[in-house]
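Notes for the one structure printed next.
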Amino acid sequence: MKPLLTYTLRQGDRALILAQRLLEAITHAPEIEEDMALSNLALDLIGQARALYTYAGEIEGPVDGATRDENHYAYWRDQHDFLNPLMVEQPNGDFAQIIVRQFLHDAFAFPYWRVMQHSTDETLAAIAAKSVKETAYHLRHSRSWLVRLGDGTDESHRRAQSAVDQLWRFTGELFEHDDVETTLVGTSVAFDPDELHETWRHSVAEALGEATLEMPDDGVMQTGGRSGHHSESFSRLIGEMQVLARAHPGASW
Amino acid sequence: MSSKADWPLWEVFVRAKRGVSHVHAGTVHAPDAELALQNARDLFTRRSEGVSLWVVKSNDITASDPDDSEALFEPAGDKSFRHPTDFELPDEVANM
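Protein sequence lines correspond, in order, to chains A and B.
Its first residue numbered 93, the first sequence is counted upward by one per residue in the working numbering.
Its first residue numbered 66, the second sequence is counted upward by one per residue in the working numbering.
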């Protein structure tokens with residue numbers, strides 16, 4: 093697969109799979125207002141995934157005489173074809189886990205899109221320009237909640253700390269680089285993940301401090317999602333996401 | 066996660082564009098002012114309805130008593146000289 097295609101699908105899958113997890117949480121948030129907030133986040137992420145998948149279709153070029161569209165990438169690939177980092181597919185659990193997963197992701201996604209506005213790839217730069225504004229809001233929302241849960245009651249503090257401890261092992265993969273990144277960093281299509289990691293670490297440390305939560309040590313990091321190796325619960329997520337499209341091919345409103 | 070949160074109610078005011086007043090749009094539940102603003106943004110401005118938002122705790126609003134409406138409002142009814150009805154509004158004046 094062309095490095096640019098792999099790269100674009102990784103970003104599209106990151107957005108889509110996180111959106112799918114958020115959508116599972118609807119009607120389970122503490123109040124209907126928070127259901128709205130989480131679904132708005134999900135809709136923004138789906139919009140980002142659509143733009144990235146459309147671009148992936150252009151990069152891939154015609155297959156059997158037709159250009160693949162966004163629906164192809166979302167509904168007609170098998171689970172090992174999805175290249176999202178493991179972080180975004182982690183099950184919802186309680187509200188603290190939803191918020192912590194979102195925060196750890198948003199603290200990555202916001203500086204990521206901010207720097208991608210300067211990509212030499214014009215399409216990715218344009219997608220970044222739109223996504224950075226949306227993601228700034230996502231980060232504000234998830235960070236606000238992180239601080240309130242961490243610095244809230246004993247119970248909310250305990251749950252938030254437990255979510256941070258559980259999810260920490262998936263943070264390393266967000267900044268992983270292989271040949272795909274190395275190639276694209278060389279042409280300034282993408283940017284050095286190590287620099288992004290430093291930015292992320294700084295803002296996460298600040299927020300955890302405000303939330304009176306402990307920042308875990310970096311232990312062994314779980315990786316593999318970006319190469320198509322997913323956790324057990326992923327097949328259920330994909331099954332639910334794809335069942336309608338596969339049961340009724342070509343269905344429309 | 067399923068238990069109903071005990072969050073206060075906030076009144077939301079939206080300014081549609083520069084130069085016009087904030088108008089009451091509805092209410093949201095939120096644990097504090099900052100999240101009330103975020104919830105208001107998600108509920109009342111997601112289709113580009115506004116350029117500015119205010120939130121005020123519903124409990125902080127002092128409202129007139131409906132039983133007082135005769136005393137408060139009816140005396141104005143027969144004082145037509147208080148209404149600028151004899152002025153013609155130029156077409157150029159918008160937002161009145």
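Just so you know, even glycine gets a beta-carbon here, dropped at the ideal spot from N, CA and C.
Q. The alpha helix (DSSP H) with A/Gly301 in it runs from where to where?
A. Along the first sequence, read from residue 1 onward, the residue named residue 301 of chain A stands at position 209. Unbroken alpha helix (DSSP H) run through A/Gly301: Pro285 to Glu302.
Q: Determine the DSSP secondary structure at B/Phe152, reduced to helix, strand or coil.
A: Position 87 of the second sequence, counted from the first residue, corresponds to residue 152 of chain B. Reduced to three states, the DSSP call for B/Phe152 is coil.
Q.
Closer than 9 angstroms between beta carbons: that is the criterion. Which residues of the segment 231 to 243 of chain A meet it against chain B?
A. Arg232, His233, Ser236, Trp237 and Arg240
Q) Along the chain, which unbroken stretches of the alpha helix (DSSP H) at least 4 residues long are found entirely within the segment 94 to 125 of chain B? A) 98 to 109
Q) Do the CB positions of A/Gln194 and A/Ala255 come within less than 8 angstroms of each other? A) Taking the first sequence and counting its residues from 1, the one referred to as residue 194 of chain A is at position 102. Taking the first sequence and counting its residues from 1, the one referred to as residue 255 of chain A is at position 163. Taking 8 angstroms as the Cβ cut-off, A/Gln194 and A/Ala255 do not qualify as a contacting pair.
Q: Within the same chain, show all residues whose beta-carbon is closer than 8 angstroms to that of A/Leu114, passing over the 5 residues directly before and after it, in chain order.
A: Along the first sequence, read from residue 1 onward, the residue named residue 114 of chain A stands at position 22. So the qualifying residues of the chain are Leu130, Ser131, Leu133, Ala134, Leu137, Ile190 and Gln194.
**Q.** For B/Val85 and B/Pro131, the rounded distance between their alpha carbons
**A.** What you label residue 131 of chain B is simply residue 66 of the second sequence in a count that begins at 1. What you label residue 85 of chain B is simply residue 20 of the second sequence in a count that begins at 1. About 28 angstroms.
Q | Enclosing alpha helix (DSSP H) for A/Val224 [first to last residue] | A | To locate residue 224 of chain A, count along the first sequence from 1; it is residue 132. Where A/Val224 is concerned, the enclosing alpha helix (DSSP H) stretches over Glu214 to Gly242.
(Q) Residues of chain B with CB closer than 7 angstroms to the CB of A/Ala148, please, in chain order. (A) In the first sequence, residue 148 of chain A corresponds to position 56, counting from 1. Neighbours of A/Ala148 on chain B: none; closest Cβ ~28 angstroms, over 7 angstroms.
**Q.** Where the alpha helix (DSSP H) through A/Trp205 begins and ends
**A.** If you number the first sequence from 1, residue 205 of chain A lands on position 113. Segment Phe187 to Met208, the alpha helix (DSSP H) holding A/Trp205.
Q) Whose Cβ in chain B lies nearer than 8 angstroms to the Cβ of A/Ala129? A) Working through the first sequence from its first residue, we reach residue 129 of chain A at position 37. Gln103, Asn104 and Asp107, listed in chain order.
Q: Using the Cα positions of B/His148 and B/Glu139, report the straight-line distance between them to the nearest angstrom.
A: Working through the second sequence from its first residue, we reach residue 148 of chain B at position 83. Working through the second sequence from its first residue, we reach residue 139 of chain B at position 74. Each residue's alpha carbon lies about 14 angstroms from the other.
Q | Residues of the segment 164 to 187 of chain A whose Cβ lies closer than 8 angstroms to any Cβ of chain E, in chain order | A | No chain E appears in this structure, whose protein chains are A and B.
Q) Can you find a CB in chain B that lies within less than 8 angstroms of the CB of A/Glu125? A) As a working mapping, residue 125 of chain A is identified with position 33 in the first sequence. Judged by the 8 angstroms Cβ criterion, A/Glu125 is in contact with chain B.
Q. Are the segment 120 to 127 of chain A and the segment 299 to 310 of chain A in contact at 8 angstroms, needing three or more beta carbon pairs?
A. no
(Q) Counting only beta-carbon separations shorter than 8 angstroms, does B/Trp119 have a partner in chain A? (A) Numbered from 1 along the second sequence, position 54 holds the residue referred to as residue 119 of chain B. No, no contact with chain A.
Q | chain A residues whose Cβ lies nearer than 7 angstroms to that of B/Pro96 | A | Numbered from its first residue, the second sequence carries residue 96 of chain B at position 31. Neighbours of B/Pro96 on chain A, chain order: Arg240.
Q: Select from A/Asp257, A/His164 and A/Gly157 the residue whose C-alpha is nearest the C-alpha of A/Ala148.
A: As a position in the first sequence, residue 148 of chain A is number 56, starting the count at 1. Of the candidates A/Asp257, A/His164 and A/Gly157, the one whose C-alpha sits nearest the C-alpha of A/Ala148 is A/His164.
Q.
Using 8 angstroms as the threshold, is the C-beta distance between A/Met313 and A/Gly244 below it?
A. Against the first sequence, residue 313 of chain A aligns to sequence position 221. Against the first sequence, residue 244 of chain A aligns to sequence position 152. Contact: no.
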